[in-house]
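Here is the structure we will look at.
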Amino acid sequence: MTQNIFYRDFDVPTDLKFKTVDIVHMGGLRCSCLLTDRQTEGMLEAPNRITQAKVELSFTLAAADILVRGTIHGKRYVECARCLTFTEQPFREEFTETYSHKTEIIDIMYLVRQALALSEEIRFLCRPDCKGLCPMCGQNLNEAACNCKPEIFSPFAALKGKFK
Ligand SMILES: [Zn+2]
Ligand SMILES: [Zn+2]
Numbered sequence: 471m472t473q474n475i476f477y478r479d480f481d482v483p484t485d486l487k488f489k490t491v492d493i494v495h496m497g498g499l500r501c502s503c504l505l506t507d508r509q510t511e512g513m514l515e516a517p518n519r520i521t522q523a524k525v526e527l528s529f530t531l532a533a534a535d536i537l538v539r540g541t542i543h544g545k546r547y548v549e550c551a552r553c554l555t556f557t558e559q560p561f562r563e564e565f566t567e568t569y570s571h572k573t574e575i576i577d578i579m580y581l582v583r584q585a586l587a588l589s590e591e592i593r594f595l596c597r598p599d600c601k602g603l604c605p606m607c608g609q610n611l612n613e614a615a616c617n618c619k620p621e622i623f624s625p626f627a628a629l630k631g632k633f634k
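Going from the sequence shown to the working numbering is simple: count from 1 and add 470.
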């Protein structure tokens, strides 16, 4: 394949909006770039945030279309859905889209945001077997056990305590 040459010197637009004519002129393009904090700001729902992100792109020309394949990977600082502590975790999302040659601008940032929004629907866990917080005293059960007894939840147990 002669298409899809890696243009080392290609200046990736900082807003990740590529001009279709440029890509057609080059006969396709492969490029990558690191995203700045400012670019990744707000990509994850607060208080989660991306701490490091790299985008890798490949534009392939077909008869009337441009096929875009991309990957965003890096690290994100996310809150565990069970124990509410923050951990930095690696992530990797892929996206694919087809554009007509008539499309003026290919907005990669939009694809990146979409891919990340989908990934956010999965609950983050600090580890697969996270024990979470004690619902009574709030102790992080990964760090230590607490002395709460689950039967306190029962209304009869509460009464028992009163008549002691
Ligand atoms: Zn956790
Ligand atoms: Zn407890």
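Where a beta carbon is used, it is the ideal one built from N, C-alpha and C, also for glycine.
As the structure is a computational prediction, the values presented were derived from the model and not from experiment.
Bridge partners of I520, per DSSP?
R546.
Are the beta-carbon atoms of C596 and C553 separated by less than 8 Å?
Yes.
Express the C-alpha separation of C618 and R583 in angstroms, rounding to a whole number.
Distance between the alpha carbons of R583 and C618: 43 Å.
Beta-carbon within less than 6 Å of V482's beta-carbon, same chain only, minus the 5 sequence neighbours each way: which residues are those?
C501 and C503
Specify the secondary structure class of K634 as computed by DSSP and reduced to three states.
A caution first: K634 carries a pLDDT of 46, below 50, which makes its placement in the model too unreliable to give a value.
Specify the secondary structure class of T568 as computed by DSSP and reduced to three states.
strand
C-beta contact flag for I542 and Y569 at 8 Å:
no
Count the other CB atoms within 10 Å of the CB of I592; is the residue buried (16 or more) or exposed (fewer)?
In this structure I592 is exposed. Its beta-carbon is surrounded by fewer than 16 other beta-carbon atoms within 10 angstroms.
Per DSSP, I536 is paired with what?
BP columns for I536 point to L531 and Y569.
Should L595 be listed as close to ligand 4, given that the test is whether its C-beta is under 7 Å from any heavy atom?
Ligands in the displayed structure: ligand 1 and ligand 2; ligand 4 is not one of them.
Burial state of L588, where buried means 16 or more other Cβ atoms lie within 10 Å:
exposed
Only counting the same chain, and skipping five residues up and downstream in sequence, which positions put a Cβ closer than 6 Å to that of K545?
T521, Q522, E558 and P560
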